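Student: Residue numbers (the numbering used here), protein chains in the order written: chain A, 1 to 465; chain B, 1001 to 1294.
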Amino acid sequence: MPAARPSQGEHPQPAVTSFDGQLLAFAEDLRAEGMAVGTSEMLDAFSALRHIRWRSAQEFKQTLAATIAKSPDDRRTFELVFERFFFRAAEAQAVRLAVSESQTRPGGEEMDLEELRRQIARALQEGSESELLDLARLAIAAFGKGEGSGVLGVDVQRIRRALGLRTEPQPDLPSDDPRRDGLPREQLRRFEQQLRRELERALIERTQALPPKRPLTDLDRALPGGPVQDLAAVHRVVAQLRRRLATQGRELRGHSRHAHVDVRATMRASLQTGGVPVDLRFRPRRPRRPEIFVLCDVSTSVTSASTFFLSVLHALHDVFRKQRSFVFIERISEVTEIFRRERDFRTAAEAVSRDAGVADISGYTDYGRVWTEFLAEIEDELHPRATVIVLGDARTNGRPPREDVFAAIAAKAGRTFWLNPEPRLYWNYGDSVISVYEQYCQAFECWRTDQLEDFVRALTKPQGS
Amino acid sequence: MAENPISVQDVADGLRSVGYLPGEETALVSFLATKLGKPVLVEGPAGVGKTELAKALSKYLGRELIRLQCYEGLDEAKALYEWNYRKQLLRIQTESGEAGWDQVQDDIFGESFLLSRPLLSAIASPQPVVLLIDEIDKTDQEFEAMLLELLSDFQITIPELGRIEARTHPVVLLTSNNSRELTEALKRRCLYLWLDYPELQHELEIVRMHVPELPATVGAKLVEVVAMVRELDLKKAPSIAESIDWARALLLLGAREIDENVFRETLSVIVKHRTDLDLVAERVGVKLAPASAG
C-alpha cells in the first residue's frame, strides 16, 4: 500500500500542515474512536520515531503501534484508523498537488473475463497480497466502469458478484475452477477491502475532493468474521472469564464472623515482632457463590448466538457449583446434568442438541409457555439469594409474552438478568418484546465479548451494593 | 561483551545469532526498548516465546538476566526487598547494654541487613541487566501499582533508607498471558508488543534453525500440521517449543514423511490433553496420507 506511506516524497507545500501536526491529528482521530491516547504516549511515539528508518512504512506503523496501541482491541482500532487516516492524508495531498495516476488500465473489452475470474479466485486461494491489489484494479476496470451507484459498498458487492466469488462451495463449476470448493472468508474480506479502497481512490480522483470521514462502526471493530461466528475467539474469552471468575474471590468474600487462624503465616509474620504473634493471619474465606438458574434459548432465530450462549453457560457451570441450566425453544428442558458430566464443551453441546429433547413442534419460541413451565419446575427453589439469567432475543413470534409470569419469577428471585444477542438497535422492532420484560430485569446486549464482560462484572458484584 | 545496537537490523541479526528468530515487530520493539529505555509489555498466547525473547536479549546484549516470576499473592517482601529480621535480632542482642538506642537503630537499618530481591537487585546492579517480570497478569493490582515507581523512574523508595536510584538502565520486559486486563497506568509506561503464533514460513525457519538435520519436506509438512492443530479449539495449543520437540522426535525416529501412522505415534509430543488428543486425531489425522505400505 504505497499510498499509505506517511512520508511523501514530494516537498510539502506551505499549505500542508507539518508532520508533527499530522501525527497529532492522527492521535485525535484515535481518541475520537474511543482509544485513550495519553500525551505521554505521544511523546514516546515522537521520541521512538527519532530512532527508526523512515523509509519503511511497516516500521513506521509498528513503531506507532508499539507506543500507542496497547491491547489487542486497541491494535485493531489502530489498524483501521491508521489505514483510514493515512489513506486520506495521502489522497488529500494528491488532490492538493493535482497528482493523478497515469492511466494504463487495459480496456475491459480485450480482457478475457472468465480468465480474470479464475485468476482472482486463484490469487485469493493462494493469498498473495500484491497480486490481489493489481487484480482488484483489473476487476474494477472490467466490471466497475463508469456506472458507479454512488455507494461504494454496493459497487463492491456488485463487482464481487460479477466475479462469482463466494465462500460457499459451488459444485456446478468445472473441477479445475478454484472457486469450486469455496474461497477463504478472510481472503475475500481483504479483497473487498482493496476493491473499496481502489474505488474510493478513483472517486477522489474524479471529484477532486475527499468524501466525509466515515467513523468506525461496532461491526468494523468486532473481530473479523462477525461477532459470534468466530467460535475460537469466544472460547478464548470464556476461558479468560473462567479464570477471572475463579480468582475473583476477594470481592466475593462474605462477612462471616469466624475465621481460621493460619498458623504458618502467623508465625512468619511474628518474625517482624521478635517472635511474638501480634499480628494474626487468617486463612482466606471461601467466596460466597450465588445460586444460579439459567434459561437459554436455542431456537433458530438465535442459532448463531446459541453456541456462544452455550459456551458461556458451560463456563459458568465450572465456577458456580449451584447452578441449574435449562434450554428452551417451545418448552424447557433441563441440561444441568449434561453440563455437569461433560467437561468438554464440544461434547456437551452435542449432547444438548441430541438428548435435550426440547420438544418443539414448530421450532418457534413460546416465551409464555416457557415461563409457566419454568415457574412450575423451580418455584420452590427460588429465593431472594437466587439469580436468574435468561439468554434469548425476546422474539415471541407473535405469541403472548406473559410478562405477568415472568414478573412472578423475577419477584421470587433476588436478581434477574437478560442477555440479548441482538444489538440494542434492533430491540423492540418486529416481534421483539424485550421492553416488556426489561421492567422486571436487568437487560444486557451481548453480542461482543466485551459486553459479556460487562455482564460478568454485574453478576459477580456483591449483592446489595 | 556489551552490545549497543544502532539499528533495527542489528537487533534482528543479534537475536538471530543467539538462536532466536525475531519477527519484524519483535526486533523493532526490542530495538526501541534499548534506545528509549522504556519497559516492554509483551502479550500473546502461551508458548510463543515471550520468555525466550528476554533470555535471548540478555544473551545478545551481554547482560545478566534477572527474573521475577509473578504469582498470585506475590508481595513486596518477595519482589523488592526484605529486612533480615533474624540478623537484626542477633545484632540487637549482641550489643544490648553497651550501645545506645540511636546507634543500634542506625545500624540495623543499614544495607547489610537488607535482603535484596529481584527488583532491587536489578536496580542496584553495577552492570546493566535485563529484567524479566514474568506473567505480570498473575499478580494483583496493588503489586502493579508498586511497580509503577520502578518502571517510570527506575528507582525504589525504602522508608528507612530513602530512595535507591538505578545506577544503570536495565532493559525491562513484562510478559502477560492476558488473563487479566492490566491497569492503564502500567500500560502507559510501557511499549507494547503483541506476539502471536508465527506465520508458516517463519515457524519453519525457527524449526530449521533448531533442528537443521530435519529433511526439508518433513519440516514444511510439520509446520503445516501444527498450524492446522492450532486452528482447532484445544485446551492447550501447541507452542513453538513443542514444534521443535516434535521435529527432534521425528528426526530421532528417522521419519521421511509425516503420514497418518507417524502422526498418531508422535502426536503426544505436541498435544497434551486426553480430550485434545482425540479431537486432533479425528480432525487432523485423517487429512494426512495413509501410511505407505513399505
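Positions of the beta carbon are idealized from the N, C-alpha and C atoms, including for glycine. Since we're looking at a predicted model, the values are computed, not measured.
Helix, strand or coil for A/V456? Go by DSSP, reduced to three states.
Tutor: Helix, per DSSP.
Student: Quick one: is A/E251 near chain B, going by C-beta distance under 7 Å?
Tutor: Interpretation of A/E251 is limited by its pLDDT of 44, a score under 50 that renders its predicted location unreliable; the figure taken from the coordinates is listed afterwards. With 7 Å as the cut-off, A/E251 does not count as an interface residue toward chain B.
Student: Applying the 10 Å Cβ sphere with the 16-neighbour rule, what's the burial state of A/L310?
Tutor: So A/L310 counts as buried.
Student: Is the beta carbon of B/V1271 closer than 7 Å to that of B/V1280?
Tutor: It is a contact, given that the beta carbons lie within the stated cut-off.
Student: Of all the CB atoms in chain A, is at least one closer than 7 Å to the CB of B/K1187?
Tutor: So yes, B/K1187 belongs to the interface.
Student: Cβ of A/A123 within 7 Å of Cβ of A/L138?
Tutor: Cβ atoms of A/A123 and A/L138: not closer than 7 Å.
Student: Locate the beta strand (DSSP E) running through B/R1067, then write down its first and last residues.
Tutor: First-last of the beta strand (DSSP E) with B/R1067: 1064-1069.
Student: Which value, in whole angstroms, describes the spacing of the CA atoms of A/L219 and A/E186?
Tutor: The predicted position of A/L219 is uncertain, since its pLDDT is 49 and thus under 50; no value can be drawn from it.
Student: Figure out for me which residue from A/Q442, A/T416, A/I434, A/R197 has the closest Cα to the Cα of A/R385.
Tutor: It is A/T416.
Student: Is the CB-CB distance between A/R331 and A/W371 below 7 Å?
Tutor: No, these two residues do not count as a Cβ contact at 7 Å.
Student: Taking its Cβ as the centre, do 16 or more other Cβ atoms sit within 10 Å of B/L1252, making it buried, or is it exposed?
Tutor: That one is exposed.
Student: Would B/E1149 count as contacting chain A if we go by Cβ distances under 7 Å?
Tutor: Answer no: the Cβ-Cβ gap between B/E1149 and chain A never drops below 7 Å.
Student: Based on DSSP bridge pairs, tell me the residues matched to B/T1157.
Tutor: B/T1157 is bridged to B/R1163.
Student: Can you give me, in chain order, the residues of the stretch 1004-1038 of chain B that have a beta carbon less than 8 Å from any beta carbon in chain A?
Tutor: For the stretch 1004-1038 of chain B, which is checked against every Cβ of chain A, the residues closer than 8 Å are S1007, V1008, E1024, E1025, L1028, V1029, F1031, L1032, K1035, L1036, K1038.
Student: Are there 16 or more other CB atoms within 10 angstroms of the CB of A/L43, so buried, or fewer, so exposed?
Tutor: A/L43 is exposed by the Cβ-count criterion.
Student: If you count every other CB in all the chains shown that lies within 10 Å of the CB of A/H255, and 16 or more means buried, which is it?
Tutor: In this predicted model, A/H255 has a pLDDT of only 46, less than 50, meaning its place in the structure is not dependable; the value taken from the coordinates is given anyway. Per the 10 Å Cβ criterion, exposed.
Student: Could you give the distance in angstroms between the alpha-carbon of A/L199 and the alpha-carbon of A/R76?
Tutor: Spanning the two alpha carbons is a distance of roughly 23 Å.
Student: Could you tell me which uninterrupted beta strand (DSSP E) segments, each at least 3 residues in length, are contained entirely in the stretch 1087-1133 of chain B, listed from first to last along the chain?
Tutor: You should have 1114-1116.
Student: How do the stretch 417-424 of chain A and the stretch 373-384 of chain A stand: do at least 3 beta-carbon pairs fall below 8 Å, yes or no?
Tutor: Short answer: they don't touch.
Student: Give the residues of chain B in contact with A/L271, contact being defined as C-beta atoms less than 9 Å apart.
Tutor: In chain order: Y1085, R1086, L1089.
Student: Could you pull the start and end residues of the alpha helix (DSSP H) that A/T266 belongs to?
Tutor: From DSSP, the alpha helix (DSSP H) with A/T266 extends over 263-270.
Student: Answer yes or no: do B/S1152 and B/R1117 have a C-beta to C-beta separation smaller than 7 Å?
Tutor: Not closer than 7 Å, so no.
Student: Whose C-alpha, out of B/L1234, B/R1248, B/D1259, is nearest the C-alpha of B/T1275?
Tutor: Residue B/L1234 is the option with its Cα nearest to B/T1275.
Student: Over what stretch of residues does the alpha helix (DSSP H) that includes B/D1013 continue unbroken?
Tutor: B/D1013 -> alpha helix (DSSP H) spans 1008-1017.
Student: Return the bridge partner residues of A/N420 from the DSSP annotation.
Tutor: Per DSSP, A/E445.
Student: Output yes if chain A places a C-beta closer than 7 Å to the C-beta of B/L1080; else output no.
Tutor: With 7 Å as the cut-off, B/L1080 does not count as an interface residue toward chain A.
Student: Can you find the residues in the same chain that come closer than 6 Å, C-beta to C-beta, to B/I1157, ignoring five residues on each side of it along the sequence?
Tutor: The sequence shown places Thr at residue 1157 of chain B, rather than the Ile named in the question. Counting only Cβ-Cβ distances below 6 Å, and skipping sequence neighbours, we find R1163.
Student: Hey, B/A1145 and B/L1131: beta-carbon distance below 7 Å or not?
Tutor: No; because the gap between Cβ atoms is not below 7 Å, this pair is not in contact.
Student: From which residue to which residue does the alpha helix (DSSP H) around A/D74 run?
Tutor: Element bounds for A/D74: 72-97.
Student: Give me the Cβ distance between B/L1150 and B/V1040, rounded to the nearest whole Å; I'm assuming they're in contact under 8 Å.
Tutor: Contact flag wrong, Cβ pair sits at about 14 Å.
Student: Measuring only the C-alpha atoms, how far is A/D155 from A/L203?
Tutor: A/D155 and A/L203: Cα-Cα distance of roughly 12 Å.
Student: What does a CB cutoff of less than 6 Å around A/A209 pick up in its chain, not counting 5 residues either side in sequence?
Tutor: Same-chain partners within the cutoff: there are none.
Student: Below 6 Å CB to CB, which residues in the same chain sit around A/T104 once its five sequence neighbours on both sides are set aside?
Tutor: With a pLDDT of 47 at A/T104, under the threshold of 50, the modelled position of that residue is not reliable, and the figure given next carries that caveat. Here the set comprises nothing.
Student: Judging by CA-CA distance, which residue of B/S1058, B/Q1141, B/L1288 is the nearest neighbour of B/L1185?
Tutor: Residue identity check: residue 1185 of chain B is Ala in the sequence provided, not Leu. Nearest option by C-alpha distance: B/Q1141.
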